[in-house]
Amino acid sequence: MSNKRAQIRTQIRKIRNSLPKSQQSIAAQSLKVNFTQHLKSKKTPNKKHIAIYFSNDGELDTSLLINELWQQNHTLYLPVIHPFNGATLLFQRYEKNSPMKANHYGILEPKLNCSQICPLTDLDYLLMPLVAFDNQGNRLGMGGGFYDKTLAQLHQGNWQKPQLIGLAHSCQKVDALPIESWDVPLKTIITPDKIYQW
Ligand SMILES: Nc1nc2c(c(=O)[nH]1)N(C=O)[C@@H](CNc1ccc(C(=O)N[C@@H](CCC(=O)O)C(=O)O)cc1)CN2
Ligand SMILES: Nc1ncnc2c1ncn2[C@@H]1O[C@H](COP(=O)(O)OP(=O)(O)OP(=O)(O)O)[C@@H](O)[C@H]1O
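Shown next, in the form of structure tokens:
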């Protein structure tokens, strides 16, 4: 792992973990507004299959957005760390009463139920956590390679679905990230202040 990537991770994780609670709450509200507006701007009113994540480590809080998307009758999924297939993710249906358990990192995920897993290319949107992003839509994550390995199957060709959308605080933006061959750049990143599109 490049030292520079590790340095950026440590630095940005520290900054986002020190955001005051009041700012986190405002950011969660703005995320809800920004993503729902983004959906509306697409003028495709039907219900979508959307993978999201449970916030951890100072990440942009998704809880308000989750409730809003349920109210709008979209179908939601959360990442589940694959029980044996290396460090990849499965996306499992998430409903209000889904049984949950903490994963290796203490992040809640739905208890594995194979009948509720959505194939990656059946998702309309994949909302992704990230530690840092840059001016070109490159993404640096927590360092497990979970999302990159999961997306590797898509990266081979031209795919329509899912649309990859990164979620981040504005303070997670850097000018340029040192990129690696397996990094999958994002076309959209939503922050509380701005929607970036490439
Ligand atoms: N909210 C959220 N969920 C997610 C991710 C994420 O980045 N955010 N992931 C994105 O891939 C996957 C989990 N990846 C993670 C990788 C490292 C750590 C972490 O806290 N690492 C500790 C070391 C802990 C240990 O090794 O036991 C650390 O770096 O301090 C957390 C999640 C799946 N779910
Ligand atoms: N497509 C891939 N194929 C094989 N190995 C990969 C792939 N993507 C990432 N890796 C491995 O995973 C490790 C971590 O990758 P990286 O630092 O890019 O993770 P990250 O983007 O920060 O984490 P995450 O995607 O979980 O948020 C790398 O050292 C690399 O060896």
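Take any residue in the sequence shown, note its place counting from 1, add 1320, and you have its number in this note's numbering. By construction, the Cβ of each residue, glycine as well, lies at the ideal position given by its N, Cα and C atoms.
Each residue's CA atom was taken as its position, placing residue 1406 and residue 1447 some 21 Å apart. DSSP, read as helix, strand or coil, puts residue 1324 in helix.
In the pairwise beta carbon analysis, the segment 1496-1513 is classified as touching the segment 1446-1463: at least three pairs are separated by under 8 Å.
The nearest non-hydrogen atom of ligand 2 is 6 Å or more from the C-beta of residue 1431.
For residue 1489 against residue 1339, the beta-carbon gap comes to about 7 Å, under 8 Å, which counts as contact.
In the three-state reduction of the DSSP assignment, residue 1347 falls in the helix class. Between residue 1355 and residue 1499, the C-beta gap is not smaller than 7 Å, which leaves the two residues out of contact. Within the segment 1440-1517, the complete beta strand (DSSP E) segments at least 3 residues long are 1445-1448, 1483-1487, 1508-1510 and 1515-1517, listed from N- to C-terminus.
Taking a contact as a CB-CB distance under 8 Å, the pair residue 1346 and residue 1491 does not count as one, their CB atoms being some 13 Å apart. Between ligand 1 and residue 1512, a heavy atom-to-CB distance of less than 6 Å is absent.
Secondary structure at residue 1429: strand, using DSSP grouped into helix, strand and coil.
Between residue 1402 and residue 1370, the C-beta spacing is not below 7 Å. A distance of 7 Å or more separates the beta carbons of residue 1449 and residue 1431. Within the chosen limit of 6 Å, ligand 2 does not reach the beta carbon of residue 1440 with any heavy atom. In the DSSP assignment, residue 1399 forms a beta bridge with 1411. Here the C-alpha atom of residue 1378 lies approximately 13 Å from the C-alpha atom of residue 1452. Between residue 1392 and the set 1360, 1404 and 1375, the nearest pair of CA atoms involves 1360.
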